[in-house]
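Here the structure is laid out as C-alpha cells; the discussion comes afterwards.
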Amino acid sequence: MARTRPRVAIVGAGPAGAFAAACLLRARGDAEIDLFERLPTPWGLLRAGVAPDHQEIKRLQDAFDRTLKRGCRLFANVEVGVDVSHSELMRHYTAVIYATGAQTDKSLGIPGEDLLGSWAATEFVAWYNGHPDYRELQFDLSAQRAVVIGNGNVAADVTRMLTLSDAELKRTDMAGHALEALRESAIREVIVLGRRGPAQAAFTSAELRELGHLDGVDVRVESGEIELDGVSQQWLDEEGTFTARKNVELLREFAGRQARRDARRRIELRFLCSPVKIRGAGRVEAIDVRRNEIVRADDGSLRARALDDEPETIECGLVLRSVGYRAVPLPHVPFDERHFVLPNERGRVLTPEGQPLRGVYAVGWIKRGPTGILGTNKRDAEETVSSLVEDLHAAALTQPAAPDREQIDALLAERKPDVVSAEGWRAIDGDELARGRRKQRPRVKLASRSELLAAAAGSRSAAGSMDSAIT
Amino acid sequence: MSYVIVGSCIKDDACIEVCPVDCIHPKVGAPDFETAEQLYIDPQVCIDCDACVEACPVDAIFADFELPEKYGYALELNGQFFDERSTAERTAA
C-alpha cells in the first residue's frame with residue numbers, strides 16, 4: 019500500500035520551528051514531524067534570547083513542550099549541514115522546513131568596531147543566557163561607563179542586565195558565569211545611543227517603561243533630546259503608531275524627572291547620534307559620535323542624516339552594538355544575498371529561477387528577515403504550513419526514497435550517538451529546574467555542552483542514576 | 062471590571078480566537094496589527110468571562126482588580142488604545 023503519512027523535518031527548534039510544528043500537527047494530524055536542533059536544547063531565542071528577567075515570557079516553553087508530547091520528535095545536538103546534509107534530509111522526508119533564524123549580527127562598518135571591548139549585543143545576550151557556544155567569552159566590566167548602540171528591545175535588555183542589582187539578577191535564570199561577572203561589574207553608567215529621534219525609537223513602550231522603573235537606577239533624558247523636529251512631529255501626528263506616541267510620552271516624562279543622587283546606576287538615553295569611530299589602544303577607551311538630523315527620504319521613510327558638526331568623544335570601556343540580526347546562508351539551499359533570507363513565496367523556497375524548490379519551505383526570520391515578536395512566528399508558521407498542506411493535498415511532493423522512521427533513526431544513531439531526544443530535553447529541563455529550586459531561582463542553566471549532554475544522558479540510564487545526574 | 066493585557070504579551074492570537082465578544086484588538090489583518098507591540102482588551106466591551114486568561118500562553122492577561130503593581134499602567138493603556146483608535150477611525154472617515 020502506498021505510504022500516505024507525510025514526513026516533515028523542521029530544521030531549527032526556535033520559536034518559528036516550534037510554532038510550525040504545532041501548526042502542522044493541527045493541520046495534518048497524521049504528519050510525522052522531526053524537529054532538528056543544532057544545540058543540545060530546543061526553543062532557540064526563547065531560551066537564549068529573551069531576557070532572563072522576563073520569566074513570564076519564558077512560560078511559552080510549556081506550550082512548546084506540549085508539542086513534543088503530541089508526537090513531534092526532537093533531534094537536538096544535530097546540525098543540519100554538518101551531521102546530516104540537506105540532500106540526506108530530502109531522502110528521508112516528504113518536506114523540509116528551514117527555521118534556522120538569523121544567527122549573526124549586522125555590523126556598523128566603523129573603525130575600531132573589532133577592538134577588544136566592542137561586542138555585538140547579541141554575543142552579550144547569548145553569554146548571559148547560557149548559550150553553550152558563548153560561555154567562554156570574557157566581558158571586561160571594569161570601566162565605569164558602557165555605551166549601547168541601538169534603540170530596540172535588545173538594546174533595552176542589555177541595558178537592564180548592566181544595571182539591575184545582584185539581588186534582582188539572582189531572581190532570574192541568568193547563567194551562573196554571567197551572574198558572577200556582573201556581580202563584580204564596575205559599570206555605573208550606561209549611555210544608550212539612538213541613530214534617529216525619540217519618535218523613531220524601536221523600543222516597545224513596555225521595554226522603555228521598564229527602563230524608567232528600575233530600582234535604584236536613574237534614567238536621564240536631556241530636555242533638548244525630546245524636542246521633536248518638524249518632520250518627526252508631523253509624522254507622529256499623522257502616521258505615528260500608538261507605541262511611538264507612548265514612547266515620546268514616556269521619554270518626556272523621563273526628561274522631566276529630577277536627577278536622583280542616591281541612584282546606584284544611571285542610564286542616559288541619547289538620540290540623533292551615530293557612532294563614527296571606536297577608539298582605544300588595543301581595547302575600547304572611547305567612542306566618537308556625530309549628531310544627526312531627521313529627513314524624509316524619497317520613499318517616505320524617516321532617515322537619519324549626519325550633520326556637519328565635530329564628533330563628540332565619549333569615554334567608555336565597553337561598547338555593545340545592537341543594530342540588528344542577520345541570517346547566514348545554509349549549505350545547498352538557495353539564499354537571497356540582498357535580503358538575507360531564503361527566497362520564498364508564502365514559505366515555499368524558490369530556486370534562483372523563481373520556481374518552487376519542491377519539498378523545501380522556510381519559516382521565521384530565515385523566511386521574512388529578523389522582524390516581529392514571538393507571536394509573529396505563529397502567523398508566519400500558519401502561512402508556511404498552509405503552503406505545505408496545499409502541496410500535500412495537490413500531491414505536488416515526492417515520496418522520500420527512505421520513508422521509514424527507522425531509517426533516519428539508524429543514520430542519526432551512527433552519526434550522532436549523543437542526539438538529544440524529547441526525553442533527554444525533559445531530563446535537562448528537570449535537572450535545571452531542580453537546581454533552581456535549591457537556589458530559590460526559577461532555573462539554574464547548564465551552560466556547557468558537556469553538562470547538557472550529561473544531563474540528557476541521565477534520561478537514558480536506569481532510574482537510580484537519575485539522582486546522581488541531578489546533584 | 063475588565064480584563065487587561067500587559068506588556069509581556071507576545072501577540073500570540075490565542076486570546077482573540079477564544080474571545081466571545083471580539084473585544085481583543087488589533088486583529089490579524091487589521092492595518093495596525095503589525096505595528097502593535099501587544100494586543101489590547103476593550104474595557105467597554107469585555108464581559109469578564111476569563112476565556113482569554115486561560116488561552117494566553119504567557120499569562121499576560123489579568124483581571125483589573127488583580128493587576129500586579131508593576132503592570133499598574135496597563136489598565137489605562139488598554140483603554141487609551143481604543144480611545145485613540147476610534148478617534149483615528151473618525152478622522153479617517
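In order, the protein sequence lines correspond to chains A and B.
Counting with our numbering, you get residues 19 to 489 for the letters of the first sequence.
Counting with our numbering, you get residues 62 to 154 for the letters of the second sequence.
Ideal placement from N, C-alpha and C gives every residue a C-beta, glycine not left out.
Cα-Cα separation between residue i and residue j, rounded to whole angstroms
i: G90/B; j: R397/A; result: 10 Å
i: L375/A; j: V367/A; result: 6 Å
i: L464/A; j: L470/A; result: 6 Å
i: L254/A; j: I244/A; result: 13 Å
i: R459/A; j: S223/A; result: 28 Å
i: A36/A; j: E95/B; result: 21 Å
i: G365/A; j: A149/B; result: 34 Å
i: V172/A; j: H195/A; result: 20 Å
i: P388/A; j: R88/A; result: 29 Å
i: E303/A; j: V165/A; result: 11 Å
i: G30/A; j: G119/A; result: 8 Å
i: Q276/A; j: E267/A; result: 17 Å
i: R467/A; j: A428/A; result: 23 Å
i: Y146/A; j: L200/A; result: 9 Å
i: L355/A; j: Q156/A; result: Correcting the residue type first, residue 355/A is Glu in the shown sequence and not Leu. Cα to Cα, E355/A sits roughly 32 Å from Q156/A.
i: K76/A; j: E328/A; result: 45 Å
i: V65/B; j: Y116/A; result: 36 Å
i: D93/B; j: A299/A; result: 48 Å
i: R278/A; j: S147/B; result: 39 Å
i: S340/A; j: D144/B; result: 34 Å
i: R344/A; j: D103/B; result: 37 Å
i: W137/A; j: F358/A; result: 21 Å
i: D71/A; j: T190/A; result: 5 Å
i: E225/A; j: S105/A; result: 43 Å
i: A193/A; j: R461/A; result: 9 Å
i: V294/A; j: G130/A; result: 9 Å
Residues sharing a beta bridge with residue i, DSSP
i: N362/A; result: V367/A
i: D158/A; result: According to DSSP, which records beta bridges pairwise, D158/A is partnered with nothing at all.
i: C90/A; result: Answer by DSSP bridge pairing: none, since C90/A is not bridged.
i: L320/A; result: R314/A
i: D354/A; result: V359/A
i: T331/A; result: D306/A
i: I77/B; result: Answer is none; I77/B lacks a bridge partner.
Sequence-distant residues of the same chain with beta carbon closer than 6 Å to residue i, five excluded per side
i: A40/A; result: T85
i: E493/A; result: In the structure as shown, chain A begins at 19 and stops at 489. Residue 493/A is therefore absent and cannot be evaluated.
i: R56/A; result: E97
i: A144/A; result: A66 and Y152
i: V378/A; result: V114 and V367
i: G230/A; result: V237 and F272
i: A45/A; result: V403 and V407
i: R282/A; result: G234
i: A69/A; result: D175
Residues near residue i in its chain [Cβ-Cβ closer than 7 Å; skip 5 each side]
i: Y134/B; result: none
i: L232/A; result: R178, T181 and L182
i: D447/A; result: none
i: G473/A; result: The sequence given here has Ala at residue 473/A, not Gly. Closer than 7 Å at Cβ, skipping near neighbours: A445, I446, D449, L464 and A487.
i: G99/A; result: L348 and P349
i: V106/B; result: V82 and C84
Own chain partners of residue i with C-beta closer than 8 Å, once the 5 adjacent residues on each side are dropped
i: C291/A; result: L211, G212, R213, V307, R308, R309, N310 and E330
i: V119/B; result: S69, C70, I71 and D73
i: G390/A; result: D398
8 Å contact criterion, which residue i and residue j should meet: CB distance rounded
i: L42/A; j: V403/A; result: 5 Å
i: W383/A; j: A27/A; result: W383/A to A27/A, Cβ: 18 Å. No contact.
i: P418/A; j: H110/A; result: 5 Å
i: E286/A; j: I205/A; result: E286/A to I205/A, Cβ: 13 Å. No contact.
Proximal residues of chain E, C-beta to C-beta of residue i below 9 Å
i: V114/B; result: Of the chains in the structure shown, none is chain E; the protein chains are A and B.
Determine contact between the segment 92 to 100 of chain B and the segment 63 to 70 of chain B, defined as no fewer than three beta-carbon pairs at a distance below 8 Å. yes
Determine, using beta-carbon pairs with one atom in the segment 71 to 80 of chain B and one in the segment 105 to 115 of chain B, whether at least three such pairs fall under 8 Å. yes
Check whether the segment 266 to 275 of chain A touches the segment 336 to 348 of chain A, taking contact to mean three or more Cβ pairs, one atom from each stretch, closer than 8 Å. no
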